[in-house]
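Chains as they are written, first to last, in this note's numbering: chain A, 1100 to 1379; chain B, -8 to 112.
Every residue gets a Cβ at the ideal spot worked out from N, C-alpha and C, and that includes glycine.
Remarks on the structure that follows.
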């Protein structure tokens, strides 16, 4: 890929989604934009860039920026963390709740596998302490196509075989004539999906007991990480928790959060970790 | 080192699967049909069996049922691996004693994921 073409697309990714794509990974750009280029009839990435520059089309530019974000996800990615959300964090949050209602946000949820994994755990392994609770899951992603795929809940041959046991597949999914597997109504009814750019204000999404923002920050430029984590933290209910992916941290990015005492990868409002520890 | 018996009448599938399974730190044994697999199991019971469905002489389902009737045959973790991937076939394999099921075609990620599901890796 020509350097000026790479620079234009990398700049678009940075502005549109906060993604930092190094030159060494320019192949990712070609792979992630291939479907759009094919649909629009662009023979090369240079043609696509020429189109972006020659006519102002913010909707198309946003679509390209969203397509450049990684959609890499699979069922039960880091299942231990998901199990602890169901077995430990949500029961603790329920005790503190007056309403019996809990809300979970999968931020940057791509095609929905994380949200569906959580819904499967709530169906299969609901702790007694959560019985009767209303647990709503919201999954958001910057990409319209990914959000729509998640909402439709149809997954392909390879997707359902990564992280999902065969027992859970036949229990919670139905094989369609197309060869795809469709999630059950019981799972779908637990989750709502919205397109949302994490660089934008999230006030309209509501407040959450648990926010899963896993493997989202790691691909972002530092300035974007700060903006995103501050925005996401604003949506955390008092006493709530944000979960980042393995190896991700917000130290140095924000002073609004501190590590949870008893949950590796968990972050709570600054100044509350001791209270959280004594309540555990 | 754990052993995995790969049972498939396709030499190509056995070769590809063997390479993946070796990368997962297994010693690999191979059989071209269910009857040959049963002979091998009676000599040395493997820790895991990757099992095709449609094979000559003795198919995968008949082999699995026969295996589970053997005294030592209850121990191996059996991962069925088939193009018969509708819910009816899958449930038949599970009720006959399979621990996991891979729908063909598969790749290294899927095989590793399925082995992880049953605690083999």
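In this structure, does DSSP put residue i in helix, strand or coil?
{"i": "residue 1369 of chain A", "result": "coil"}
{"i": "residue 72 of chain B", "result": "strand"}
{"i": "residue 20 of chain B", "result": "strand"}
{"i": "residue 1142 of chain A", "result": "coil"}
{"i": "residue 1291 of chain A", "result": "strand"}
{"i": "residue 1246 of chain A", "result": "helix"}
{"i": "residue -7 of chain B", "result": "strand"}
{"i": "residue 1117 of chain A", "result": "coil"}
{"i": "residue 62 of chain B", "result": "coil"}
{"i": "residue 57 of chain B", "result": "helix"}
{"i": "residue 1334 of chain A", "result": "coil"}
{"i": "residue 1380 of chain A", "result": "Examination of residue 1380 of chain A is not possible in this model, given that chain A is present from 1100 through 1379 alone."}
{"i": "residue 1105 of chain A", "result": "helix"}
{"i": "residue 116 of chain B", "result": "The question about residue 116 of chain B has no answer, for chain B in this structure spans -8 to 112."}
{"i": "residue 1388 of chain A", "result": "Residue coverage of chain A in this structure runs from 1100 to 1379, which leaves residue 1388 of chain A outside it and unanswerable."}
{"i": "residue 1325 of chain A", "result": "helix"}
{"i": "residue 1182 of chain A", "result": "helix"}
{"i": "residue 1350 of chain A", "result": "coil"}
{"i": "residue 37 of chain B", "result": "coil"}
{"i": "residue 1283 of chain A", "result": "coil"}
{"i": "residue 1240 of chain A", "result": "strand"}
{"i": "residue 29 of chain B", "result": "helix"}
{"i": "residue 1131 of chain A", "result": "helix"}
{"i": "residue -1 of chain B", "result": "coil"}
{"i": "residue 1311 of chain A", "result": "strand"}
{"i": "residue 112 of chain B", "result": "coil"}
For residue i and residue j, what's the separation of their Cα atoms in angstroms?
{"i": "residue 1276 of chain A", "j": "residue 80 of chain B", "result": "15 Å"}
{"i": "residue -1 of chain B", "j": "residue 1246 of chain A", "result": "40 Å"}
{"i": "residue 1182 of chain A", "j": "residue 1367 of chain A", "result": "19 Å"}
{"i": "residue 1338 of chain A", "j": "residue 1187 of chain A", "result": "14 Å"}
{"i": "residue 1358 of chain A", "j": "residue 1143 of chain A", "result": "46 Å"}
{"i": "residue 1340 of chain A", "j": "residue 1313 of chain A", "result": "13 Å"}
{"i": "residue 1242 of chain A", "j": "residue 1162 of chain A", "result": "7 Å"}
{"i": "residue 1226 of chain A", "j": "residue 1199 of chain A", "result": "15 Å"}
{"i": "residue 1330 of chain A", "j": "residue 1315 of chain A", "result": "14 Å"}
{"i": "residue 92 of chain B", "j": "residue 1289 of chain A", "result": "27 Å"}
{"i": "residue 1148 of chain A", "j": "residue 1121 of chain A", "result": "18 Å"}
{"i": "residue 1172 of chain A", "j": "residue 1259 of chain A", "result": "11 Å"}
{"i": "residue 16 of chain B", "j": "residue 1153 of chain A", "result": "55 Å"}
{"i": "residue 1347 of chain A", "j": "residue 109 of chain B", "result": "29 Å"}
{"i": "residue 1112 of chain A", "j": "residue 1344 of chain A", "result": "21 Å"}
{"i": "residue 1266 of chain A", "j": "residue 30 of chain B", "result": "30 Å"}
{"i": "residue 1254 of chain A", "j": "residue 1286 of chain A", "result": "14 Å"}
{"i": "residue 1228 of chain A", "j": "residue 6 of chain B", "result": "50 Å"}
{"i": "residue 1165 of chain A", "j": "residue 87 of chain B", "result": "46 Å"}
{"i": "residue 1382 of chain A", "j": "residue 1132 of chain A", "result": "Past the edges of chain A, shown from 1100 to 1379, lies residue 1382 of chain A, and the structure says nothing about it."}
{"i": "residue 1191 of chain A", "j": "residue 11 of chain B", "result": "43 Å"}
Would you grab the beta carbon distance between residue i and residue j for me? Rounded to a whole angstrom, and I think it's under 8 Å.
{"i": "residue 1369 of chain A", "j": "residue 1355 of chain A", "result": "6 Å"}
{"i": "residue 1203 of chain A", "j": "residue 1234 of chain A", "result": "7 Å"}
{"i": "residue 22 of chain B", "j": "residue -4 of chain B", "result": "6 Å"}
{"i": "residue 72 of chain B", "j": "residue 52 of chain B", "result": "Their Cβ separation, rounded to whole angstroms, is 12 Å, which puts residue 72 of chain B and residue 52 of chain B out of contact at 8 Å."}
{"i": "residue 1214 of chain A", "j": "residue 1205 of chain A", "result": "5 Å"}
{"i": "residue 48 of chain B", "j": "residue 84 of chain B", "result": "Wrong, their Cβ atoms sit about 19 Å apart, outside the cutoff."}
{"i": "residue 69 of chain B", "j": "residue 90 of chain B", "result": "5 Å"}
{"i": "residue 1208 of chain A", "j": "residue 1238 of chain A", "result": "4 Å"}
{"i": "residue 1362 of chain A", "j": "residue 1336 of chain A", "result": "With a Cβ gap of about 16 Å, residue 1362 of chain A and residue 1336 of chain A do not count as contacting."}
{"i": "residue 1305 of chain A", "j": "residue 1342 of chain A", "result": "That pair is no contact at about 18 Å."}
Residue i: buried (16+ other C-beta within 10 angstroms of its C-beta) or exposed?
{"i": "residue 1295 of chain A", "result": "buried"}
{"i": "residue 1 of chain B", "result": "exposed"}
{"i": "residue 1126 of chain A", "result": "exposed"}
{"i": "residue 1310 of chain A", "result": "buried"}
{"i": "residue 1117 of chain A", "result": "buried"}
{"i": "residue 63 of chain B", "result": "exposed"}
{"i": "residue 66 of chain B", "result": "exposed"}
{"i": "residue 1106 of chain A", "result": "exposed"}
{"i": "residue 76 of chain B", "result": "buried"}
{"i": "residue 1334 of chain A", "result": "buried"}
{"i": "residue 1212 of chain A", "result": "buried"}
{"i": "residue 1350 of chain A", "result": "exposed"}
{"i": "residue 1322 of chain A", "result": "exposed"}
{"i": "residue 37 of chain B", "result": "buried"}
If the cut is a Cβ gap below 7 Å, which residues of chain A does residue i touch?
{"i": "residue 104 of chain B", "result": "1260, 1261 and 1262"}
{"i": "residue 100 of chain B", "result": "1261"}
Chain A partners of residue i, CB-CB under 9 Å?
{"i": "residue 85 of chain B", "result": "1265, 1266 and 1269"}
{"i": "residue 53 of chain B", "result": "Simply none; closest approach about 20 Å."}
{"i": "residue 82 of chain B", "result": "1269"}
So with CB distances below 7 Å, who are the chain B contacts of residue i?
{"i": "residue 1256 of chain A", "result": "94"}
{"i": "residue 1274 of chain A", "result": "77 and 78"}
Anything in chain E within Cβ reach of residue i, meaning under 7 Å, just list it in chain order.
{"i": "residue 45 of chain B", "result": "Of the protein chains in this structure, namely A and B, none is chain E."}
For a contact defined as C-beta to C-beta under 8 Å, what are the partners of residue i on chain A?
{"i": "residue 97 of chain B", "result": "1260"}
{"i": "residue 91 of chain B", "result": "1264 and 1265"}
{"i": "residue 108 of chain B", "result": "1264 and 1265"}
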